[in-house]
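Trainee:
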Amino acid sequence: MSQPVRILLALIAGLAVGILLSRVGPSAAQTGILVAQPIGTAWLNALQMTVIPLVVSLLITGIASTTEAANAGRLAGRTIGYALIMLAVNATISAMLTPLILNTVPIPGAAAQALRAALAGVPPVATPPSPGEIFAAIVPSNAFAAAAGGALLSLIVFTLVFAFALTRIDGEGRTLLVRMFAAIRDTMLVVVGWVLWLAPLGVFALAYLVGARAGSAAFGALVHYLAVISTIGIVVTLTAYLFAAIGSRVGTGRFTRASLPAQAFAVSTQSSLATLPTMLKAAGEMGIPSAASGVTLPLGVAMVRMTQPAMNVAIALYIGRWFGVEVPVAAVALGVLTGVVTSLGSISLPSQLTFFASVAPISSAMGTPLAPLGLLIAVETIPDIFRTLGNVTSNLALTAVATRDQTVPEARAG
Numbered sequence: 011m012s013q014p015v016r017i018l019l020a021l022i023a024g025l026a027v028g029i030l031l032s033r034v035g036p037s038a039a040q041t042g043i044l045v046a047q048p049i050g051t052a053w054l055n056a057l058q059m060t061v062i063p064l065v066v067s068l069l070i071t072g073i074a075s076t077t078e079a080a081n082a083g084r085l086a087g088r089t090i091g092y093a094l095i096m097l098a099v100n101a102t103i104s105a106m107l108t109p110l111i112l113n114t115v116p117i118p119g120a121a122a123q124a125l126r127a128a129l130a131g132v133p134p135v136a137t138p139p140s141p142g143e144i145f146a147a148i149v150p151s152n153a154f155a156a157a158a159g160g161a162l163l164s165l166i167v168f169t170l171v172f173a174f175a176l177t178r179i180d181g182e183g184r185t186l187l188v189r190m191f192a193a194i195r196d197t198m199l200v201v202v203g204w205v206l207w208l209a210p211l212g213v214f215a216l217a218y219l220v221g222a223r224a225g226s227a228a229f230g231a232l233v234h235y236l237a238v239i240s241t242i243g244i245v246v247t248l249t250a251y252l253f254a255a256i257g258s259r260v261g262t263g264r265f266t267r268a269s270l271p272a273q274a275f276a277v278s279t280q281s282s283l284a285t286l287p288t289m290l291k292a293a294g295e296m297g298i299p300s301a302a303s304g305v306t307l308p309l310g311v312a313m314v315r316m317t318q319p320a321m322n323v324a325i326a327l328y329i330g331r332w333f334g335v336e337v338p339v340a341a342v343a344l345g346v347l348t349g350v351v352t353s354l355g356s357i358s359l360p361s362q363l364t365f366f367a368s369v370a371p372i373s374s375a376m377g378t379p380l381a382p383l384g385l386l387i388a389v390e391t392i393p394d395i396f397r398t399l400g401n402v403t404s405n406l407a408l409t410a411v412a413t414r415d416q417t418v419p420e421a422r423a424g
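So in our numbering, the last one in the sequence shown is 424, and the numbering has no gaps at all.
(1) In this structure, does DSSP put Q434 in helix, strand or coil?
(2) With a threshold of 16 other CB atoms inside 10 Å of the CB of F396, please say whether the residue is buried or exposed.
(3) Quick check: what's the CA-CA separation for F154 versus G72?
(4) Does the Cβ of G91 have 16 or more other Cβ atoms within 10 Å, making it buried, or fewer, making it exposed?
(5) For S240, which three-state DSSP category applies?
(6) What separation, rounded to the nearest whole angstrom, lies between the Cα atoms of V188 and G50?
(7) Can you tell me where the alpha helix (DSSP H) holding F168 begins and where it ends?
(8) Here's a check: name, in chain order, each residue in its chain whose Cβ is nearer than 7 Å to the Cβ of A74, leaving out the five neighbours to either side.
(9) Report the residue from P63, N100 and S37 whose alpha carbon sits nearest the alpha carbon of Q318.
(10) Taking DSSP as the reference, what is the three-state secondary structure of I325?
(11) Near L252, which residues of its chain fall below 7 Å by C-beta distance, leaving aside the five closest residues on each side in sequence?
(12) Whole angstroms is fine: what's the gap from A312's alpha carbon to L286's?
(13) How many Å lie between T102 and A23 at the Cα?
(14) The alpha helix (DSSP H) with L403 in it runs from where to where?
(15) Label V37 either buried or exposed according to how many other C-beta atoms from any shown protein chain fall within 10 Å of its C-beta, with 16 as the threshold for buried.
(16) Measuring only the C-alpha atoms, how far is S441 from S278?
(17) Rank P271, F191 and A293 by C-alpha distance to the C-alpha of I62 and give the top, closest one.
(18) Whole angstroms is fine: what's the gap from A84's alpha carbon to V201's?
(19) Given I194, which residues of its chain have a CB within under 7 Å of its CB, disregarding the five upstream and five downstream residues?
(20) Specify, as a first and last residue, the run of the alpha helix (DSSP H) that V205 falls within.
(21) Give the DSSP-derived three-state secondary structure of L252 in the structure shown.
(22) Given V65, which residues of its chain have a CB within under 8 Å of its CB, disregarding the five upstream and five downstream residues?
(23) Below 8 Å on the Cβ atoms is my contact criterion, and I expect A272 with T288 to pass it. Report the Cβ-Cβ distance as a whole number of Å.
(24) To test your reading of the DSSP string, which unbroken beta strand (DSSP E) runs of 3 or more residues are found completely within the stretch 24–104?
(25) Does the Cβ of I329 have 16 or more other Cβ atoms within 10 Å, making it buried, or fewer, making it exposed?
(26) Tell me where the alpha helix (DSSP H) around F154 begins and ends.
(27) Below 7 Å between beta carbons: does that hold for A388 and V260?
(28) In whole angstroms, give me the CA-to-CA distance for L19 and T417.
(29) Buried or exposed: where does I29 fall if 16 or more other Cβ atoms within 10 Å of its Cβ makes it buried?
(30) With distances taken between CB atoms, is the gap from T412 to T41 smaller than 7 Å?
(31) Within the same chain, show all residues whose beta-carbon is closer than 6 Å to that of V246, passing over the 5 residues directly before and after it, in chain order.
(32) Is the stretch 103–112 close to the stretch 373–381, with three or more CB pairs under 8 Å?
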């Protein structure tokens with residue numbers, strides 16, 4: 011049984027046990043809460059302790075590799091440029107569409123209230139900062155204080171400055187520092203793997219608390235969350251068709267036919283990396299030379315996850331609505347920018363491994379609580395299907411756009 015399935019089963023079991031005990035034995039349910047509370051909190055703390063070193067190391071190594079790729083040739087640089095445009099457009103669409111969806115199909119009121127009460131330890135909602143306060147807080151006066159205080163947005167700004175400055179020093183020093191941060195990144199991924207190995211226990215404890223305090227309303231709220239976030243993933247997939255139609259010489263019908271096998275493989279494997287051979291074949295069927303797709307597709311798979319900013323912005327906005335946080339427009343814009351920037355440090359790993367580290371900076375920029383992420387990671391298996399589908403389709407569209415001048419028209423292909 012895979013780890014994501016074990017985590018999902020732990021979620022269901024924890025909710026079921028909590029709901030059952032709250033109904034048949036309230037005193038036993040309270041005793042269980044006293045046991046589950048410290049276990050769930052300790053596991054959440056273990057997740058949060060990995061965020062800062064992982065985000066910093068991912069950003070530095072991601073910027074370094076992206077810069078090297080951009081300098082490697084015109085096609086690579088053009089691919090990265092188009093990728094940034096697609097990431098920004100998708101994240102902006104998500105920032106506008108998610109509130110509309112939540113206004114049209116709001117979170118069940120009773121369920122949201124019960125879940126807020128169930129997740130003990132979430133700090134009270136503060137007054138949203140003004141745009142001026144948000145802007146002033148972007149640049150840290152002390153990078154170490156920002157790290158110690160969990161000011162992720164300020165820390166990201168410092169890390170970006172450091173990473174770009176790193177690309178301007180001599181080769182030996184640059185290589186040494188990149189290798190050091192790559193080692194930190196790989197070490198932290200091992201630590202994250204250990205924390206996720208304990209995830210069934212931690213998720214069971216958190217789910218038990220939610221079930222015991224919120225009752226069966228918790229199931230309805232989680233289903234609503236899955237529907238909203240998965241919808242954003244579908245929108246990113248559809249946007250990829252629009253990018254291909256506008257920016258490439260591949261017709262929509264041809265793009266659709268060629269993409270279908272890769273999309274089916276993506277859904278079945280939930281891995282963009284495993285789908286890469288099928289994507290290369292699809293690019294060939296679109297009339298894209300293998301010499302070109304052999305550059306753009308591996309670059310896209312290795313360096314960016316096209317759905318990451320859009321779906322993670324949606325998660326942060328959903329949590330904000332869930333906990334009654336009014337996110338200012340300026341904070342939403344910072345969340346979008348943070349999502350795009352942090353996606354440059356993404357690597358081709360299962361989303362459960364990087365879920366907390368990729369969503370936390372966006373939530374921090376928007377001022378929404380981080381505690382719910384420990385529960386939401388348990389159901390990430392389902393949105394991950396739409397993440398992979400959107401990533402694969404978007405990478406094919408990116409390749410079609412970046413290689414427009416090399417694409418063989420359909421009448422001459424084959």
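The beta carbon of each residue, even a glycine, is placed where N, CA and C say it ideally should be.
Mentor: Looking at the coordinates:
(1) The structure shown does not extend to residue 434, since the chain is modelled only from 11 through 424, so no value can be given for it.
(2) buried
(3) 21 Å
(4) exposed
(5) helix
(6) 35 Å
(7) L162 to L176
(8) A173, L176, T177 and V188
(9) Selected option, being the one with the closest Cα: N100.
(10) helix
(11) none
(12) 10 Å
(13) 37 Å
(14) Going by the sequence as given, residue 403 is Thr instead of Leu. Residues T391 to A412.
(15) Checking the sequence shown, residue 37 turns out to be Ser, not Val. That one is exposed.
(16) Within the shown structure, residues of the chain are numbered from 11 to 424, placing residue 441 beyond reach of any answer.
(17) I62 has its Cα closest to that of F191, out of P271, F191 and A293.
(18) Sequence inspection shows Arg at residue 84; the Ala mentioned does not correspond to that position. Roughly 38 Å between the two C-alpha positions.
(19) Sequence-distant Cβ neighbours of I194 in its own chain, meaning closer than 7 Å and more than five residues away, are P63 and S67.
(20) G181 to W207 is the extent of the alpha helix (DSSP H) around V205.
(21) helix
(22) L162, L165, I166, T169, T352, G355, A367, A370 and P371
(23) 4 Å
(24) If one requires a minimum length of 3 residues, no beta strand (DSSP E) run lies completely within the stretch 24–104.
(25) buried
(26) First-last of the alpha helix (DSSP H) with F154: A153 to A158.
(27) no
(28) Rounded to the nearest angstrom, the two C-alpha atoms are 47 Å apart.
(29) buried
(30) First, the residue type needs correcting, since residue 412 is Ala and not Thr in the sequence shown. Cβ atoms of A412 and T41: not closer than 7 Å.
(31) N100, T317, A320 and G400
(32) Segments in contact, no.
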